[in-house]
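In the numbering used here, the protein residues as written are 7 to 130.
What follows is a set of notes on a single structure, which appears directly below.
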């Protein structure tokens, strides 16, 4: 994923956490907040409680790949953070991809001419 599409600073993660909205399922939590850029940036967080470094890095790679394949379908102008939950440690790629897709749909982050902000009701 190109650097321009990544959240890297701690302050960006904190801003999304404090000002953004959240959606969750059994594997992931999605947080998103608007940014003033023309790109959507993504961050991934996996707690030490989930497992050792090898497990955490594997989970981060699965989340990144699921987002990378859908990146062109996602509306620009958002900062999005995915946080792994404990149930993800034994999940395969397909479960993670399904979770990412479901949460992006719930947050209404897919490109649509009628979408104005995450969580707004309407036809999508």
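For glycine and all other residues, C-beta sits at the position ideal for the given N, C-alpha and C.
With burial defined as no fewer than 16 other Cβ atoms inside 10 Å of the residue's Cβ, what is the status of residue 85: buried or exposed?
Here residue 85 corresponds to residue number 79 of the chain shown, with the count starting at 1. The residue is buried, with at least 16 neighbouring Cβ atoms inside 10 Å.
Can you give me the start and stop residues for the alpha helix (DSSP H) that residue 18 sits inside?
Numbered from 1 along the chain shown, position 12 holds the residue referred to as residue 18. The continuous alpha helix (DSSP H) containing residue 18 extends over residues 16 to 25.
Just verifying my parser: in three-state terms, what is the DSSP assignment at residue 43?
In the chain shown, the residue the question calls residue 43 occupies position 37. Coil, per DSSP.
Which one or two residues does DSSP pair with residue 37 in a beta bridge?
In the chain shown, residue 37 corresponds to position 31, counting from 1. 28, 87.
Using 9 Å as the threshold, is the C-beta distance between residue 51 and residue 80 below it?
Sequence index remark: in the chain shown, residue 51 carries index 45 (1-based). Sequence index remark: in the chain shown, residue 80 carries index 74 (1-based). Going by C-beta atoms, residue 51 is not nearer than 9 Å to residue 80.
In terms of alpha-carbon separation, which member of 34, 46, 9, 10 lies closest to residue 93?
Position 87 of the chain shown, counted from the first residue, corresponds to residue 93. The candidate whose alpha carbon is nearest that of residue 93 is 34.
Between residue 22 and residue 38, how many whole angstroms is the CB-CB distance? I'm expecting something under 8 Å.
Indexing the chain shown from 1 puts residue 22 at position 16. Indexing the chain shown from 1 puts residue 38 at position 32. Right, their Cβ atoms sit about 7 Å apart.
Can the beta-carbon of residue 11 be found closer than 9 Å to that of residue 66?
Residue numbering aside, residue 11 sits at position 5 when the chain shown is read from its first letter. Residue numbering aside, residue 66 sits at position 60 when the chain shown is read from its first letter. Note that the C-beta distance between residue 11 and residue 66 is not below 9 Å.
Do residue 87 and residue 13 have their CB atoms nearer than 9 Å?
Indexing the chain shown from 1 puts residue 87 at position 81. Indexing the chain shown from 1 puts residue 13 at position 7. Yes.
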